[in-house]
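Residue numbers for the sequence shown follow the numbering used here, beginning at 4 and rising by one.
Ideal Cβ positions, reconstructed from N, Cα and C, are used throughout, including at glycine.
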Amino acid sequence: MLNQKEDKTIHIRKATETDVEVLALLGRITYSESHGHFINDKNDLLAYNNKAFSIAKIKEDIDNDNNLFYILYVNNLPAGYAKLVLNATHESITSTNNCRLERIYILNDFIPLKIGQQLLTFIESKAKELQLDTIWLSVYIKNERAIRFYKRNEFKDTGKLDFLVNGNSYENFVLSKKIKS
C-alpha cells in the first residue's frame, strides 16, 4: 500500500466489457469493506454480493447504455470504481435531467490517499459534460464517514429510500447536488 507521501499515478478510465471481472471483484470487496459491518447476518451479505456482483450481473449492467462505469487506478492497480446511472428517478428528485451515482467505492487500503475525492470530482465533470442538472445518490444512515464526505461536497438531504439486502431493509438518505454550471 502506498502512503500519502509516496509518488502515485492516478488514472481513471471508462470501463468496458473486458473489465467485468475487475468490476465484479472490486464490487464484492469494496461493498463488504464499507457495509459488511452493518449487516448482521453474513449470509445476507454473501447472498447480496453473489447477486449484485456476479459476472453476469455486471455484464448486464455494463451492456446497458444508461450505466457508465469508471475504474480508478493507482500505479496501475485497480483501487476503486464508480457507477453512474443516467435517467434514474426518485420521488424526492425534482429534476428530470439527472443521474444517480449508484456506486462509488475505494478499496480500504487506498482510502488514506484521498482518491475518493478525485473520483467524485471526475464523475461530477462527466455529468456536466453530459449536460445533466442534478446528481443524486443514496447512503446508509449509519455510514457516517460517507455522509460527511458527501456533505463536504455540497450534497443536500432530499429524502429517504429503503435499500434491500437479501430481503432485509436498510434505511438510506437520498442526497442530491445541482451540477449544471
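Note that the C-beta distance between I138 and S95 is not below 8 Å. Shown here, N70 sits in a strand according to DSSP, grouped into three states. Membership of E147 in the alpha helix (DSSP H) is indicated by the continuous run 147-155. Rounded to the nearest angstrom, the Cβ distance from L75 to I15 is 5 Å, consistent with a contact under 8 Å. The beta carbon of E174 sits closer than 7 Å to those of I144, K163, D165, all from its chain and outside the five residues before and after it, given in chain order. For R155, the closest of N101, Q120, L140 by C-alpha to C-alpha distance is Q120. The continuous stretches of beta strand (DSSP E) do not include H40, and DSSP gives it neither H nor E. The three-state reading of DSSP puts I182 in coil, since its state is none of H, G, I, E or B.
Within its own chain, the residues whose Cβ lies closer than 8 Å to the Cβ of S57, once the five positions on either side in sequence are excluded, are A27, listed in chain order. Between S37 and L110, the alpha-carbon positions lie close to 9 Å from each other. Non-local beta-carbon contacts of I118 in its own chain, meaning distances under 7 Å to residues more than five positions away in sequence, involve I13, L75, V77, A82, G83, I109 in chain order. As a beta-bridge residue in DSSP terms, S172 pairs with L167. The DSSP-derived three-state label of D136 is coil. Of all alpha-carbon atoms in H93, I114, E63, the one lying nearest the alpha-carbon of A149 is that of I114. In this structure, DSSP gives N52 a helical state, which the three-state scheme calls helix. G83 has L75, I109 as its beta-bridge partners, per DSSP. The C-alpha of D22 is placed about 13 Å away from the C-alpha of K86. Judged by their CB atoms, I61 and A130 are not nearer to each other than the 8 Å cut-off.
Between the C-alpha atoms of H93 and S35 there is a straight-line separation of about 26 Å.
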